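Positions in the sequence shown are counted from 1; adding 21 to them yields my numbering.
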Amino acid sequence: LGRATAIVAVPVDGLDQDELRVVYDDAVATTMDVVDRLRSEPPPPPLQLANEPKADPPFSSPTTRPDFEAAVETILEYIRAGDALQVVLSQRLGIDLDASPFDLYRSLRTLNPSPYLYFFELDGMSLVGSSPEVLVRVEDGVVMVRPIAGTRPRGDSAEEERLFSEELLHDEKELAEHRMLVDLGRNDVGRVVEYGSVTVPDLMLVERYSHVMHLASQVEGQLREGLGAIDVFRACFPAGTVSGAPKIRAMEIIDELEPVRRGPYAGAVGYFNYGGISMDTAITIRTLVATGGKAYVQAGAGIVADSDPSREYEETISKARALLRAAVMVGG
């Protein structure tokens with residue numbers, strides 16, 4: 022607590038001794054500048070959050086509930102015709118934002134802590150995220166994906182929590198969808214790892230977050246010699262959990278049915294090391310785009326053969342709930 026580490030990467034390929042000294046000195050100067058700024062700038066004032074609302078805050082969407090449910094029915098027709106096995110249909114929700122995007126990030130970090138937290142100030146907008154899902158990671162030669170599929174709300178009591186968890190673990194629709202996405206992850210990983218090295222060390226574990234619980238599995242393999250992190254990213258992007266199966270046909274159906282472009286949603290946030298042999302990327306879900314006094318969040322549901330349109334609509338709201346409430350609590 023109270024400590025920060027500043028790291029500056031220094032490219033060294035093809036440099037002679039004198040050039041190495043120059044780039045090293047520049048990197049040290051840059052690092053010290055960051056340290057000085059951290060020491061001199063006062064910390065932000067304590068964040069004053071309103072109580073979490075009991076009901077969902079009002080939001081706008083280019084997709085009405087009847088429109089979303091009709092799109093689900095269209096996807097079901099495609100699935101019955103053999104065009105796809107699963108399609109992840111999403112909708113975008115908007116809410117007024119009367120606070121700075123960085124305070125929104127602070128609110129989200131408090132309300133919905135997740136494995137991947139990030140804040141980016143970009144041209145004309147800010148990206149505020151708390152993603153629970155890795156897209157793909159490469160570390161010490163091991164390629165790893167961790168698909169998340171299957172959702173229930175958190176319970177209001179220990180007994181309700183147990184019931185929701187048991188319901189999730191015994192829901193054949195959710196289990197079938199999850200198995201399919203694990204198989205898709207095995208296929209993606211298998212394209213860039215040593216033959217026979219793919220394993221599934223975790224299968225359908227219940228992971229809990231502030232407002233929802235999910236089923237999660239982990240797929241790993243040993244990176245094939247001669248390949249690097251970019252090759253792995255190319256093989257795994259986009260994640261099947263935000264597109265569907267088969268991926269290309271699912272994306273064509275998504276493009277047909279979703280009324281707005283996805284933008285950052287379902288993309289990736291992360292890093293590649295300088296040598297290109299390790300990386301860590303998160304899927305940009307549970308992510309807000311703040312611009313023009315509004316905050317937008319997009320959330321999807323995986324549509325399979327026995328999906329219920331009404332239930333799939335409610336799943337998108339459940340996934341967006343923590344982010345919408347974070348905006349309200351900070352001044353939305």
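Note that beta-carbon positions come from the ideal geometry of N, C-alpha and C, so glycine has one too. Since this is a predicted model, take the numbers as computed values, not measurements.
| Query | Result |
| --- | --- |
| Just to confirm my understanding: we take residue 309, look at its own chain, exclude 5 residues before and 5 after, and list those with CB closer than 6 Å. What are they? | 149, 316, 318, 344 |
| Any heavy atom of the ligand MG inside 7 Å of the beta-carbon of residue 243? | The ligand MG is not part of the structure shown, which contains no ligands of any sort. |
| For residue 150, list the residues DSSP reports as bridge partners. | 139, 308 |
| With a cut-off of 8 Å, do at least 3 Cβ pairs link the segment 97-115 to the segment 77-84? | yes |
| Nearest-angstrom Cα distance between residue 209 and residue 63? | 46 Å |
| Using a Cβ-Cβ cut-off of 7 Å (strictly less than) and excluding sequence neighbours within five positions of residue 288, which residues of its own chain qualify? | 305 |
| Go ahead and pull the three-state DSSP assignment for residue 246. | coil |
| What residue does the alpha helix (DSSP H) around residue 160 start on, and which one ends it? | From DSSP, residue 160 is part of no alpha helix (DSSP H) but of the beta strand (DSSP E) over 155-160. |
| Out of curiosity, what's the CA-to-CA distance linking residue 201 and residue 321? | 17 Å |
| The beta strand (DSSP E) with residue 107 in it runs from where to where? | 107-117 |
| Could you give the first and the last residue of the continuous beta strand (DSSP E) run that contains residue 228? | 220-229 |
| If residue 107 sits next to residue 323, beta carbons under 8 Å apart, how far is it from one beta carbon to the other, in whole angstroms? | 5 Å |
| Please go through the segment 22-78 and give each complete beta strand (DSSP E) segment of 3 or more residues, from N-terminal end onward. | none |
| Identify the continuous alpha helix (DSSP H) that holds residue 210 and give its terminal residues. | 193-211 |
| Buried or exposed, going by whether 16 or more other CB atoms sit within 10 Å of the CB of residue 133? | buried |
| With distances taken Cα to Cα, identify the nearest neighbour of residue 212 among 235, 303, 250. | 250 |
| Within 10 Å of its beta-carbon, does residue 51 have 16 or more other beta-carbons around it, so buried, or fewer, so exposed? | exposed |
| Out of curiosity, what's the CA-to-CA distance linking residue 178 and residue 90? | 31 Å |
| Where does residue 331 sit, in a helix, a strand or coil, going by DSSP? | helix |
| Give the straight-line distance between the Cα atoms of residue 29 and residue 58, rounded to the nearest whole angstrom. | 15 Å |
| For residue 228, which residues in the same chain have their Cβ closer than 6 Å to its Cβ, ignoring the five residues on either side in sequence? | 235, 237 |
| Could you spell out the range, first to last residue, of the alpha helix (DSSP H) harbouring residue 123? | 122-132 |
| Can you tell me which of the three DSSP states residue 347 falls into? | helix |
| Is it right to say residue 330 is buried, meaning 16 or more other beta carbons lie within 10 angstroms of its own, or is it exposed? | buried |
| How big is the Cα-Cα spacing for residue 184 and residue 192? | 12 Å |
| Could you compute how far the alpha carbon of residue 259 sits from the alpha carbon of residue 31? | 30 Å |
| Considering only the beta carbon of each residue, do residue 172 and residue 233 sit closer than 8 Å? | yes |
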